[in-house]
Amino acid sequence: MRARRLAGLALLALATIAGIGHWIAQGVPVALPDVSGGKFACVSYAPFREGQSPFQEGIIIPEWQIDEDFAALASNTRCVRTYAVDQGLDKVPEIAARHGLEVLLGVWIGSQADKNMLQMAKAVELANAHPQTVRAIVVGNEVMLRGELPREKLAETIRWVRQRSQVAVTYADVWEFWMRHKPLLDEVDFATIHILPYWEDEPVGIDAAVAHIMDIYRFVEKQMPGVTLLIGETGWPSAGRQREGAVPGRVNQAAFLRDFVSEVSKQGIDYNLIEAFDQPWKRANEGTVGGHWGLYDVGREAKFPLTGPVEELPGWKLWLTGSLLFGLLPLAWATLRREAPGTAAGWATLVLTGAASGTLLTMQARYVVEMSRMPFEWAAGGALWLLSLGAMLVLATALARAVEEKPDSATSRLVDPVRLLALAFVLAMCLGLVFDPRYRDFPASFALLPAVGLALLALLRGLPEAIGDAEVGLALALVPCAIFIAVREGPHNTQALLWCAASLLLALPVLAARLRDRRAALRLQPSGAGTSGH
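Residues 1 to 534, numbered by our numbering, are exactly what the sequence shown covers, in order.
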């Protein structure tokens, strides 16, 4: 037992050090190349703020809001690209002119002809009224990708606008769809291509992202000789799920944008970045990552400067402080519940478990902040966090009593419900990642807390007793799901691998306990049981 106790304390100490190191690493400044010229060529602009969405019936963005946004953007870009001309966006050319901004005026084209015509007519009216401000009309965005119109109908739509416009006309789509629909080149003055390394069918990591864009650009040039090209969308997310080796993050976003702008500036390539401001409403369709492509956050604060080093998490000291404060909760709980340890080893276990778990709790809180956009999501995320807090208190108490070889207390007797709830939650998440994975996150901190705590408990006092069929069934389902996810996501997706490792760590002690029970039952059977008596 002494060796197990020392091993358990050592593992808890390592987890505590790793947790503190995690937050310190978030604050290390990373040197990056500066943006030459200090301004971006163009950025995508959607005006929606927290609580606003283009899907809200009758929403009209007030002029002052657009004016406020353009005042902020004018210092960092020379142009904005929009995607529609309704919901208050018809004021964009007028307001942009006041701030010295040019406009790539977007026309939203979908499957409904009457709505398309309203967009087209208004765009022509605005462009012809502001030819010095509107660089071009972008008739449709990724219509072919979404499959909302046949190519011939889209060509007619673009042609209608081009015949009436005094400015250039283009169409925007992912580069592969331009390759499939080259006849559309006859209808445009230049082609707007989207190249997003993160969203490629085979995602490209940050180190190769800019080179990938240049390779694709040159490939498209060769496939469409004589055609003027605009990179109409490219960028990198600052938060969300990893796709193979493509890792979202603030430093990665800054590195991508600075490297990309430096490269295209050298080569004289025109471009537009996605996007100006984080758009929380996009999380509904694209998960956490969809809402974090902005140069500015939803509060209109710049995520990083265009020159000088960049930190992954400028407020890392606050998060570290929070993790240490959360780490004190097991001590307070044990004292208030009169379940305090009676030995130094017991107290050390409480302290170290609290410190290590505190890091996971703060990581969970940060995740809830990043992924939540509606009251329901805040409530669900908050409830899940409270359950995780409860699990920490139960496991910390149980570990301390196991170290002291004491019987369970009222708190530590809740280990079995904690295990059952953890298995159910992790399996539910895994099933989502198996059947609908594209936009789902890997919130490993929620799985790690119960998985590591229960594994340490098994180390200290042996495999769990009286494992129920429900737990075994959940664990049996969890193992193949975790393995499938790990294989599909690949060896470069560290988020997925960490999630799957935590899932397996949660399931394996349960299955080992059931195997132990089966073997014990077989040993207890009479030697002649099940044989014929001839």
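Every residue gets a Cβ at the ideal spot worked out from N, C-alpha and C, and that includes glycine.
| Item | Value |
| --- | --- |
| Just reading off the beta strand (DSSP E) that A136 is part of, what are its end residues? | 134-141 |
| Once the 5 residues before and after A155 are set aside, which same chain residues still bring their CB inside 8 Å of it? | P183, L184, D186, E187 |
| Count the other CB atoms within 10 Å of the CB of K266; is the residue buried (16 or more) or exposed (fewer)? | exposed |
| Beta carbon of I206, beta carbon of A239: below 9 Å? | no |
| If you draw a straight line from the C-alpha of W108 to the C-alpha of S412, how long is it? | 58 Å |
| Taking only three categories from DSSP, how would you classify I467? | coil |
| So what does R243 bridge to, in DSSP terms? | A246 |
| For E89, which residues in the same chain have their Cβ closer than 6 Å to its Cβ, ignoring the five residues on either side in sequence? | It should be noted that the sequence gives Leu, not Glu, for residue 89. Correct list, in chain order: T82. |
| Which residues share a DSSP beta bridge with E102? | C79 |
| List the residues that DSSP assigns as beta-bridge partners of V174. | H194 |
| Could you check what DSSP says for S357 in three-state terms: helix, strand or coil? | helix |
| Tell me where the alpha helix (DSSP H) around I216 begins and ends. | 206-223 |
| Please state whether DSSP places T560 in a helix, a strand or coil. | No answer is possible for residue 560: the residues shown for the chain start at 1 and end at 534. |
| Locate the alpha helix (DSSP H) running through N128, then write down its first and last residues. | 113-129 |
| Between the C-alpha atoms of A3 and Q279, what's the straight-line distance to the nearest angstrom? | 53 Å |
| Just verifying my parser: in three-state terms, what is the DSSP assignment at T343? | coil |
| I need the straight-line Cα distance from A190 to R135, nearest angstrom please. | It is Phe, not Ala, that sits at residue 190 in the sequence shown. Their Cα atoms are separated by approximately 12 Å. |
| Which residues bound the beta strand (DSSP E) around L273? | 271-273 |
| Is R401 buried or exposed, if buried means 16 or more other CB atoms sit within 10 Å of its CB? | buried |
| Does the count of Cβ pairs from the segment 235-253 and the segment 49-58 closer than 8 Å reach three? | no |
| Could you say which of L149, Q132, W199, K122 lies nearest to R164 if we only look at CA atoms? | K122 |
| Throw me the rounded Cβ distance for the W499 and A447 pair, which I believe falls under 8 Å. | 6 Å |
| Starting from N285 and walking both ways along the alpha helix (DSSP H), at which residues does that stretch end? | 283-290 |
| Could you name the residues of the same chain whose beta carbon sits closer than 7 Å to that of G106, not counting the 5 residues immediately before and after it, in chain order? | R81, T82, Y83, A84, V138, N141 |
| Measure the alpha-carbon distance for G245 versus L504 and round it to whole angstroms. | 22 Å |
| According to DSSP, is S44 part of a helix, a strand, or is it coil? | strand |
| Between the Cα of F442 and those of G268, M429, I216, P450, spot the shortest distance and give me the residue it belongs to. | M429 |
| Quick check on P197: buried or exposed, where buried means 16 or more other Cβ atoms within 10 Å of its Cβ? | buried |
| Below 8 Å CB to CB, which residues in the same chain sit around L325 once its five sequence neighbours on both sides are set aside? | G358 |
| Tell me where the alpha helix (DSSP H) around I61 begins and ends. | It is not in any alpha helix (DSSP H) - I61 carries neither H nor E in the DSSP assignment. |
| Of all the options K39, G390, A502, which has the alpha carbon lying nearest to the alpha carbon of S262? | K39 |
| Between the Cα of V535 and the Cα atoms of R241, V310, D67, which residue gives the shortest distance? | Nothing about residue 535 can be read from this structure; the chain reaches only from 1 to 534. |
| Hey, is the segment 279-289 in contact with the segment 318-334, meaning 3+ C-beta pairs nearer than 8 Å? | no |
| Please confirm whether A302 and E233 have their CB atoms less than 9 Å apart. | no |
| Here's the rule I'm using: 16 or more other beta-carbon atoms within 10 Å means buried, otherwise exposed. How should I158 be labelled? | buried |
| Could you give the distance in angstroms between the alpha-carbon of L476 and the alpha-carbon of G249? | 34 Å |
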